[in-house]
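A.B. asks: Residue numbers (UniProt numbering): 1 to 801. Each residue gets a CB set at the ideal place from its N, CA and C atoms; glycine is no exception.
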């Protein structure tokens with residue numbers, strides 16, 4: 001680190017009198033070691049200890065003619081030779097700084113025997129300055145502290161390659177190369193674009209400075225606010241503590257080993273990055289897992305990663321229900337990176353009608369990464385490619401995707417070769433997103449390609465509260481969110497809402513708030529009090545009635561199933577509901593991740609209503625009713641797909657209930673034959689026995705009027721509940737009383753008429769038939785008589801079956 005003992009701020013001219021180590025000298029050029037050989041008998045002695053002894057900077061300008069370097073010590077030391085008669089030397093004999101043509105600064109060594117009117121410039125120096133040996137250059141002394149206080153190099157990026165035919169296949173250690181560079185060129189001034197030669201282990205290397213970071217004592221000790229400069233006018237003095245970052249010349253076969261001490265030159269993660277800055281709620285764990293799997297290995301020094309044998313993850317697959325934030329995550333990942341913007345492409349955009357163009361579009365995505373990999377090797381920056389709707393072009397090969405032309409297969413093959421082909425790229429990260437993981441070619445999902453599979457599921461209650469807080473932040477800051485709005489309560493009421501659906505809920509609530517400020521009888525005229533508009537809790541409650549989650553509870557269908565209510569006419573009804581409650585708690589506890597229950601009984605006995613009531617009382621976030629009527633017109637394949645989707649949707653929520661109503665009709669069973677769909681039956685058997693993912697327990701409630709058929713079809717359930725008919729006159733009277741359609745006298749008269757007509761006290765009809773008879777009787781003036789008549793017919797028909 002830079003400190004006051006190492007460097008000084010400003011243009012201190014007089015050094016301290018006491019003896020100090022080389023790094024404690026006030027002059028920036030401390031402790032330079034002499035090169036291996038010296039020309040013309042000159043010896044370089046230590047650092048410049050008294051800049052005041054040199055002629056003042058900005059002195060007389062002179063015109064000198066470029067000449068060749070006297071020997072290799074000048075060429076490989078990046079030092080120019082001048083006559084001591086043209087440029088007076090420092091009193092201690094150290095090198096001086098010269099400004100050439102007002103643009104380039106070199107370190108020059110005044111020598112008595114060097115011809116007057118000339119200055120030696122090596123070939124890389126002349127290339128950098130764009131001068132020829134026949135040109136004349138203007139030369140003047142340069143003071144590095146005259147223009148800026150930032151006169152030191154905190155770090156510099158250098159591109160390195162072999163200077164001639166002499167080379168080696170042995171990789172260069174970056175740390176050792178940096179030490180040799182600082183030892184050879186310490187105290188010299190460097191700027192972006194500068195070229196020079198260095199003799200390292202008897203092999204000449206050509207170096208080009210790409211960027212520099214200028215620092216001074218004050219900035220390093222206070223804010224540390226630094227910046228990489230590419231402007232040639234940005235110059236600084238190389239010190240012992242300047243960091244040197246190496247990049248491979250793409251045109252040179254030189255090989256570099258990654259540093260074991262420093263991170264990669266292009267740091268992947270911004271040091272000040274925080275997850276909460278990304279504006280995504282409920283996905284903290286997912287982001288932590290993504291960082292651990294995909295980015296953690298890239299934060300460590302490349303040399304250390306190489307020694308451990310780490311292979312960076314090159315692909316991530318984000319999958320899950322629509323609206324959960326997959327695309328948002330991919331977009332926001334760019335904010336956590338200290339590098340170039342990610343490339344974003346939608347799957348359908350890859351396809352092209354021209355032959356070979358689709359494959360070319362894939363190759364273009366990886367072109368920049370391939371080029372930089374050749375130039376910088378392990379020090380290459382990370383290239384992120386975001387591939388949305390991946391399933392559009394990466395379907396299973398041989399499935400006919402691409403219209404039968406094989407384009408889809410070719411695109412998949414091209415993507416496979418780029419991700420993990422013969423020439424592997426270690427500087428890419430492909431982030432694919434899909435709602436249908438099952439449709440993607442399995443070769444893409446193996447390790448080495450899209451190996452990290454991250455499910456972005458529906459947010460839990462805490463996550464929903466985070467999302468609500470994020471999307472209402474502006475309204476809260478500007479006083480547009482009423483004080484009665486409780487985000488905690490809204491988070492509880494939005495079970496199974498995705499992030500997009502929560503955002504839609506807020507938009508709906510805002511529309512209700514705005515509607516209060518529209519003048520009556522108009523559509524767009526606003527009232528004067530619109531400036532006081534606030535979103536209230538009542539607006540959110542109204543919005544909850546309007547916006548429903550895609551993967552939520554089928555409330556409307558379930559409500560229709562229990563439209564008449566549950567009549568507790570028998571102790572059996574209480575027992576059924578109690579057993580259903582026990583099954584719910586068994587699944588909720590996680591002890592039984594998959595539980596199938598069959599409610600069986602005569603037609604009209606109330607099986608569907610009881611199953612719907614048990615499901616609704618569970619308050620599970622996901623409840624889906626599957627009915628035969630939903631599959632009208634479907635063939636076997638479509639029915640299987642419909643059932644599979646219902647089960648797959650159930651796996652997306654932490655607690656799930658599936659109600660399979662009239663399961664014998666779902667399998668197309670008819671008594672004539674008998675006949676049934678073996679394919680649908682096999683699918684139901686497989687889905688009902690397949691355990692859901694961990695942490696996603698499922699309760700299956702099935703209803704049937706044909707229990708014996710279930711046994712014949714070998715459709716096994718883990719528990720069964722018998723639902724009885726209305727059997728006695730007492731039970732019938734209880735239903736009549738709970739319905740509120742009869743008084744006590746009417747109930748007694750109707751029961752008496754039924755007993756006299758049937759000559760029996762046994763009823764034996766379903767509760768649905770009783771309710772229908774009550775509704776029929778309500779249309780007659782003599783309700784009791786009409787009810788007795790209809791019930792007698794129903795009982796007679798039931799006995800004749």
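1) Closest to residue 315 by CA distance: which of 452, 571, 181 and 509 is it?
2) So residue 111 packs on residue 67, CB below 8 Å; how close in whole Å?
3) Tell me whether residue 607 is buried or exposed, calling it buried when 16 or more other Cβ atoms sit within 10 Å of its Cβ.
4) State the Cα-Cα distance for the pair residue 580 and residue 611, rounded to the nearest angstrom.
5) If we ignore side chains and look at the alpha-carbon of each, how far apart do residue 706 and residue 633 end up?
6) Which stretch, first to last residue, makes up the beta strand (DSSP E) that contains residue 67?
7) For residue 664, I'd like the list of residues in its chain whose CB is within less than 6 Å of its CB, leaving aside the five on either flank, ordered along the chain.
8) Using 10 angstroms around the beta-carbon of residue 622, count the other beta-carbons present and answer buried if the total reaches 16, otherwise exposed.
9) Answer with buried or exposed for residue 354, where buried requires no fewer than 16 other C-beta atoms within 10 angstroms of its C-beta.
10) Quick one, which of 329, 701 and 712 has its alpha-carbon nearest residue 671's?
11) Could you tell me whether any Cβ in chain B is nearer than 8 Å to the Cβ of residue 211?
12) Please classify residue 168: is it buried, with 16 or more other beta-carbons within 10 angstroms of its beta-carbon, or exposed?
13) Can you tell me whether DSSP reads residue 315 as helix, strand or coil?
14) Leaving aside the five residues before and after residue 194 along the sequence, list all residues of the same chain whose C-beta is less than 6 Å from its C-beta, in chain order.
15) From this set, 752, 791 and 756, which residue's C-alpha is nearest residue 768's C-alpha?
16) Using DSSP's beta-bridge definition, name the partner residues of residue 432.
17) In terms of alpha-carbon separation, which member of 115, 103, 90 and 102 lies closest to residue 70?
18) Three or more C-beta pairs under 8 Å: does that hold for the segment 583-590 against the segment 688-701?
19) Could you tell me whether the segment 459-467 touches the segment 489-505, using the rule of 3 or more Cβ pairs below 8 Å?
20) So what's residue 76 in DSSP terms, helix, strand or just coil?
21) Entirely within the segment 636-706 and at least 3 residues each: give me those beta strand (DSSP E) ranges in chain order.
22) Tell me, to the nearest whole angstrom, how far the beta carbon of residue 440 is from that of residue 480; I am working on the premise that it is less than 8 Å.
23) Please report the distance separating the alpha-carbon of residue 386 from that of residue 454.
24) So, residue 162 versus residue 254, is the Cβ gap smaller than 8 Å?
25) Which value, in whole angstroms, describes the spacing of the CA atoms of residue 342 and residue 294?
26) Judging by CA-CA distance, which residue of 97, 430 and 549 is the nearest neighbour of residue 146?
27) Let's see if you can read the secondary structure: which residues bound the alpha helix (DSSP H) around residue 753?
28) Hey, would you say the C-beta of residue 658 is under 7 Å away from at least one heavy atom of the ligand GTP?
29) Helix, strand or coil: how does DSSP classify residue 497 here?
30) Look up residue 728 in the DSSP assignment and give the residues it is bridged to.
31) Relative to the C-alpha of residue 117, which residue among 730, 560, 62 and 542 is closest?
32) Buried or exposed: where does residue 170 fall if 16 or more other Cβ atoms within 10 Å of its Cβ makes it buried?
33) Does the contact criterion of 3 or more C-beta pairs under 8 Å hold for the segment 88-103 versus the segment 174-181?
34) When DSSP labels each residue in this structure, what does residue 456 get in the three-state scheme?
35) May I ask you to report which of helix, strand or coil DSSP gives residue 579?
36) Does the pairing of the segment 753-766 with the segment 590-598 give three or more beta-carbon distances under 8 Å?
C.D. replies: Looking at the atomic coordinates:
1) The sequence position of residue 315 within the chain shown is 315, counting from 1. Distances from the alpha-carbon of residue 315 to those of 452, 571, 181 and 509 put 452 closest.
2) Against the chain shown, residue 111 aligns to sequence position 111. Against the chain shown, residue 67 aligns to sequence position 67. Wrong, their Cβ atoms sit about 12 Å apart, outside the cutoff.
3) As a working note, residue 607 is residue 607 in the chain shown. The residue in question, residue 607, is buried, as its Cβ has 16 or more Cβ neighbours within 10 Å.
4) Within the chain shown, the letter at position 580 stands for residue 580. Within the chain shown, the letter at position 611 stands for residue 611. Approximately 8 Å, taken between the alpha carbons.
5) As a working note, residue 706 is residue 706 in the chain shown. As a working note, residue 633 is residue 633 in the chain shown. Each residue's Cα considered, the two are about 23 Å apart.
6) Looking up residue 67 in the chain shown gives position 67. 62-67 is the span of the beta strand (DSSP E), which, as asked, contains residue 67.
7) In the chain shown, the residue the question calls residue 664 occupies position 664. Cβ neighbours of residue 664 beyond the five flanking positions: 704, 706 and 709.
8) The sequence position of residue 622 within the chain shown is 622, counting from 1. Answer is buried; the Cβ neighbour count reaches 16.
9) Residue mapping note: residue 354 aligns to position 354 of the chain shown, counting from 1. The residue in question, residue 354, is exposed, as its Cβ has fewer than 16 Cβ neighbours within 10 Å.
10) Translated into the one-based positions of the chain shown, residue 671 becomes position 671. Nearest C-alpha to residue 671: 712.
11) In the structure shown, chain B does not exist; there is a single protein chain.
12) For the purposes of this step, residue 168 is identified with residue 168 of the chain shown, where counting begins at 1. When all chains shown are included, residue 168 counts as exposed.
13) Here residue 315 corresponds to residue number 315 of the chain shown, with the count starting at 1. Annotated three-state conformation of residue 315 is strand, per DSSP.
14) Here residue 194 refers to the residue found at position 194 when the chain shown is read from its first residue. Closer than 6 Å at the Cβ level, and outside the excluded window around residue 194, lie 128 and 209.
15) As a working note, residue 768 is residue 768 in the chain shown. The shortest Cα separation from residue 768 among 752, 791 and 756 belongs to 791.
16) Locating residue 432 in the chain shown gives position 432, counting from the first residue. Note: residue 432 sits in a beta bridge opposite 317 and 387.
17) Here residue 70 refers to the residue found at position 70 of the chain shown. With distances taken between Cα atoms, residue 70 lies closest to 115.
18) yes
19) yes
20) For the purposes of this step, residue 76 is taken as the residue at position 76 of the chain shown. Note: residue 76 maps to coil in three-state DSSP.
21) Fully enclosed beta strand (DSSP E) runs of 3 or longer: 656-660 and 698-704.
22) Within the chain shown, residue 440 is the residue found at index 440, counting from 1. Within the chain shown, residue 480 is the residue found at index 480, counting from 1. That pair is no contact at about 43 Å.
23) Position 386 of the chain shown holds residue 386. Position 454 of the chain shown holds residue 454. The alpha-carbon atoms of residue 386 and residue 454 are separated by roughly 15 Å.
24) Working through the chain shown from its first residue, we reach residue 162 at position 162. Working through the chain shown from its first residue, we reach residue 254 at position 254. Yes, they are a contact pair.
25) Reading the chain shown from its first residue, position 342 is the one you call residue 342. Reading the chain shown from its first residue, position 294 is the one you call residue 294. Taking the straight line joining both Cα atoms gives about 15 Å.
26) In the chain shown, counting from the first residue as 1, residue 146 sits at position 146. Of the candidates 97, 430 and 549, the one whose C-alpha sits nearest the C-alpha of residue 146 is 97.
27) By 1-based counting over the chain shown, the position of residue 753 is 753. Unbroken alpha helix (DSSP H) run through residue 753: 744-758.
28) Although the ligand GTP was asked about, the structure shown includes no ligands whatsoever.
29) Indexing the chain shown from 1 puts residue 497 at position 497. Residue 497 falls in the coil class under three-state DSSP.
30) Reading the chain shown from its first residue, position 728 is the one you call residue 728. According to DSSP, which records beta bridges pairwise, residue 728 is partnered with 762.
31) Here the question's residue 117 lines up with position 117 in the chain shown. Of the listed residues, the one whose Cα sits closest to residue 117 is 62.
32) Taking the chain shown and counting its residues from 1, one reaches residue 170 at position 170. Answer is exposed; the Cβ neighbour count stays below 16.
33) no
34) To locate residue 456, count along the chain shown from 1; it is residue 456. Reduced to three states, the DSSP call for residue 456 is coil.
35) On the chain shown, residue 579 is found 579 positions in, with the first residue counted as 1. Note: residue 579 maps to helix in three-state DSSP.
36) The segment 590-598 and the segment 753-766 do not touch, with fewer than three beta-carbon pairs separated by less than 8 Å.
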